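Taking it in order: structure first as structure tokens, then the write-up.
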Amino acid sequence: MGIDPQILKHREWLGLLQPVGLVVSPLALTRAQAIVDISRPIELQARLQELDSLDFPTFTQQILDWEAADLVPQSDLPDSMTLALPEHGELLQPTYGVKDPDSQEWIVLVQVVADGQELDDRPANSSWNATVQERFERLLRSSQIPTGILWNGEALRLVYAPRGESSGHLTFPLAAMGEVAGRLILGALDTLLNAQRMFNGSSDRRLPQILASSRDYQSAVSEQLAEQVVDALWELLRGFQIADGAANGRLLGNVGEDWNQHLYGGLITTLMRLVFMLYAEDEGIMPNDSVYQQYYSVSGLYEQLRSDNSSYPDTMDDRYGAWVGLLSLFRLIYEGGGATPDYLPARYGQLFDPQEFPFLEGNSPLNPAPPELGVGGRVGGQICSTLPQIPDGVIYRVLDKLLMLDGERLSYRSLDVEQIGSVYEGIMGYTVNRATRISIGVNSKPKGSKVSTTVVVDVEGLLAAKSGDRAKLLKEWANCELAANAAKGVKEAQTIDALIAAIGQRVSGRTKQLLPVGSLYLQPTEERRRSGSHYTPRKLTQPIVENTLRPILASLGDTPTAAQILELKVCDLAMGSGAFLVEACRQLAEQVVAA
Numbered sequence: 193m194g195i196d197p198q199i200l201k202h203r204e205w206l207g208l209l210q211p212v213g214l215v216v217s218p219l220a221l222t223r224a225q226a227i228v229d230i231s232r233p234i235e236l237q238a239r240l241q242e243l244d245s246l247d248f249p250t251f252t253q254q255i256l257d258w259e260a261a262d263l264v265p266q267s268d269l270p271d272s273m274t275l276a277l278p279e280h281g282e283l284l285q286p287t288y289g290v291k292d293p294d295s296q297e298w299i300v301l302v303q304v305v306a307d308g309q310e311l312d313d314r315p316a317n318s319s320w321n322a323t324v325q326e327r328f329e330r331l332l333r334s335s336q337i338p339t340g341i342l343w344n345g346e347a348l349r350l351v352y353a354p355r356g357e358s359s360g361h362l363t364f365p366l367a368a369m370g371e372v373a374g375r376l377i378l379g380a381l382d383t384l385l386n387a388q389r390m391f392n393g394s395s396d397r398r399l400p401q402i403l404a405s406s407r408d409y410q411s412a413v414s415e416q417l418a419e420q421v422v423d424a425l426w427e428l429l430r431g432f433q434i435a436d437g438a439a440n441g442r443l444l445g446n447v448g449e450d451w452n453q454h455l456y457g458g459l460i461t462t463l464m465r466l467v468f469m470l471y472a473e474d475e476g477i478m479p480n481d482s483v484y485q486q487y488y489s490v491s492g493l494y495e496q497l498r499s500d501n502s503s504y505p506d507t508m509d510d511r512y513g514a515w516v517g518l519l520s521l522f523r524l525i526y527e528g529g530g531a532t533p534d535y536l537p538a539r540y541g542q543l544f545d546p547q548e549f550p551f552l553e554g555n556s557p558l559n560p561a562p563p564e565l566g567v568g569g570r571v572g573g574q575i576c577s578t579l580p581q582i583p584d585g586v587i588y589r590v591l592d593k594l595l596m597l598d599g600e601r602l603s604y605r606s607l608d609v610e611q612i613g614s615v616y617e618g619i620m621g622y623t624v625n626r627a628t629r630i631s632i633g634v635n636s637k638p639k640g641s642k643v644s645t646t647v648v649v650d651v652e653g654l655l656a657a658k659s660g661d662r663a664k665l666l667k668e669w670a671n672c673e674l675a676a677n678a679a680k681g682v683k684e685a686q687t688i689d690a691l692i693a694a695i696g697q698r699v700s701g702r703t704k705q706l707l708p709v710g711s712l713y714l715q716p717t718e719e720r721r722r723s724g725s726h727y728t729p730r731k732l733t734q735p736i737v738e739n740t741l742r743p744i745l746a747s748l749g750d751t752p753t754a755a756q757i758l759e760l761k762v763c764d765l766a767m768g769s770g771a772f773l774v775e776a777c778r779q780l781a782e783q784v785v786a787a
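Using the working numbering, the first residue of the sequence shown is number 193, and each one after it goes up by one.
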């Protein structure tokens, strides 16, 4: 089935603008019938050229077809839209407010700043170390009006900052929209903010609802990302088996008594390191200088590998170096480094500790680093040759699974912390096994679960069983039910190839080929097969936690103190990804701030 052309069109202009965080989803836009009219921008560009001056009210009236009365000046706005910050000596106020004509509720705040003022810089006349963008987000959350527009005479920035959620923004450069090449983004801006979209039509097709609906689709993103992280886990396992073969079995031959669980722990640790680094880089926590971006950044490594794969696709699995780069980054995060102490301070912690899973750096009881090299096979910053030889193609495919969804680059900044937790939950509940007979993976779907998983079955054993029992065994071994035609083919199969052909579409894409004896594979535990993996979206956690906390907070009196709130103890007896606890922290934090 092809992708809706309008979704492709929305992806195109979003790709040109590179939003920071989640603002609008192509799916939400399409379902709200927000269609980019490719002919209208020609008329709008003509209007732009006729304007003698370009201030925000003029732009909205002449380009977006708003009425002058749609912009309510600051002097007529309620006090709730003003935020005093005495600790910073600041008073945050919007320049304009915009009302919904039907409900008369405030739906958008507008902040006009000095012409040319960089929106991601701190204003020159302020001692508060917060950018224009950060100040505006603070104002939006305080007023509980999540949608805002920033204007500096050179760009219009659409900001979405729901209270308690991660923010996102989308910047439309005015100069570019006046050029032929900028017609698509001008059409996109018109689609989002014209008078018809803002004030007319049904409420479920107006901008505020589109922005809110875009967040609802994040739960689907989380489920898909969790699936792809499992794909990445399989790929990483294959990479380590390749490296083990190159080391004549000395890398994974004996990583401890519980070698399979230790190996599995190292694999998921690697993936979570990557997920945390991608999140940190998207949030701007990591250095933004050319040295980090060129030599250490995970995102930068992916772009380099993607370019290499485009130019030299046949040699990616014969080249090495990406894994070494990642290990250098992991060490840098753990131990710190850089020209100044603040460049990258040491973070330590179990996640990046190189001694937790030393085989990741090539050290094991059968393959120890020489004593003078120390843990990780390093001396004087140099890496020992015992490092696993994992092909660059493997690392590229792992990062591709973590970064691309349906052909779109995933913004980790747009994910809530609960969704990061759901990724971790998605890769829990497996163990690493080694095939003792020829095997294949089949798709299994636990009862009541939306997510299927891969269960590896013994194909030789299945073929040797009584023909009438084979379909029953597949159900017993892997919860894999076959259609009548497939079951008949499985019963009549005389060879392994015929058996695989009969299973057909139920063969997992994670094992497209038969697994020979000695192959390493992931097998879900009984707990995972029974329960599957579930992500709890905020639209469920928020009201449940709110109702749970209401009587507790009421028992503290009408005006509880911050100390009283901080004394509360919260326990989630059935914690999975931590979604309910994160929501509890979020709501209690709001109460502390209010107190």
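The C-beta atom is built at its ideal place from N, Cα and C for all residues, glycine as well. Values in this document were obtained by computation on a predicted structure and should not be read as measured data.
Inter-residue spacing [alpha-carbon to alpha-carbon] between residue i and residue j
i       : j       : result
Gln-420 : Arg-601 : 13 Å
Ile-477 : Gln-705 : 42 Å
Arg-314 : Val-305 : 12 Å
Ser-636 : Leu-666 : 10 Å
Asp-661 : Lys-680 : 11 Å
Ala-675 : Thr-628 : 29 Å
Ala-755 : Thr-740 : 20 Å
Val-212 : Val-324 : 15 Å
Ile-434 : Gln-581 : 8 Å
Gln-198 : Asp-598 : 15 Å
Ile-525 : Val-490 : 12 Å
Val-649 : Ala-418 : 23 Å
Leu-283 : Leu-758 : 28 Å
Thr-703 : Ser-711 : 11 Å
Ala-380 : Glu-235 : 14 Å
Gly-207 : Ser-603 : 12 Å
Span of the alpha helix (DSSP H), counted from its first residue to its last, around residue i
i       : result
Lys-291 : Lys-291 -> not in any alpha helix (DSSP H); beta strand (DSSP E) instead, spanning 288-291.
Ala-238 : 232-242
Tyr-352 : That residue, Tyr-352, is in no alpha helix (DSSP H); its beta strand (DSSP E) goes 347-352.
Val-483 : 482-487
Ala-776 : 771-786
Tyr-616 : 609-618
Leu-381 : 375-385
Ser-272 : Careful: Ser-272 lies outside any alpha helix (DSSP H) and carries neither H nor E.
Gly-458 : 451-474
Asp-500 : 490-503
Glu-527 : 514-527
Residue span of the beta strand (DSSP E) that contains residue i, given as start and end
i       : result
Pro-365 : 360-365
Ala-220 : From DSSP, Ala-220 is part of no beta strand (DSSP E) but of the alpha helix (DSSP H) over 218-223.
Ala-282 : One detail in the question is off: residue 282 reads as Glu in this sequence, not Ala. That run of the beta strand (DSSP E) goes 282-284.
Ala-276 : 275-277
Per-residue burial, residue i [other beta carbons within 10 Å of its own, 16 or more giving buried]
i       : result
Pro-708 : exposed
Gln-715 : buried
Gln-296 : exposed
Ser-406 : buried
Lys-593 : buried
Asp-436 : buried
Leu-378 : buried
Leu-552 : buried
Ala-781 : exposed
Glu-564 : Caution applies to Glu-564, whose pLDDT of 46 falls short of 50 and renders its modelled position unreliable; the model cannot decide the point.
Ser-267 : exposed
Pro-278 : exposed
Ser-272 : exposed
Lys-201 : buried
Phe-772 : buried
Bridge-paired residues (DSSP) for residue i
i       : result
Gln-303 : Leu-342
Tyr-713 : Asn-625
Asp-650 : Ser-631
Trp-298 : Lys-291
Ser-636 : Thr-645
Arg-601 : Met-596
Val-699 : Val-634
Leu-162 : The chain is shown only over 193 to 787; residue 162 falls outside these bounds and no answer can be derived.
Val-212 : His-361
Pro-265 : Tyr-288
Minimum Cβ-Cβ distance from residue i to chain E less than 8 Å
i       : result
Phe-522 : Although the question refers to chain E, the structure presented lacks it and comprises just one protein chain.
Worksheet item: Does the segment 490-507 come close enough to the segment 588-595 to have 3 or more Cβ pairs within less than 8 Å?
Response: Under the 8 Å Cβ criterion, the segment 490-507 counts as touching the segment 588-595, having at least three qualifying pairs.
Worksheet item: Is the segment 216-225 touching the segment 378-398, taking contact as three or more C-beta pairs under 8 Å?
Response: Counting Cβ pairs under 8 Å, three or more are found: they touch.
Worksheet item: Is there contact between the segment 280-295 and the segment 259-266, where contact requires at least three CB pairs shorter than 8 Å?
Response: Yes: at least three Cβ pairs fall under 8 Å.
Worksheet item: Counting Cβ pairs closer than 8 Å, one from the segment 349-364 and one from the segment 329-340, do we hit at least three?
Response: The segment 349-364, when compared against the segment 329-340, does touch it at the 8 Å Cβ threshold.
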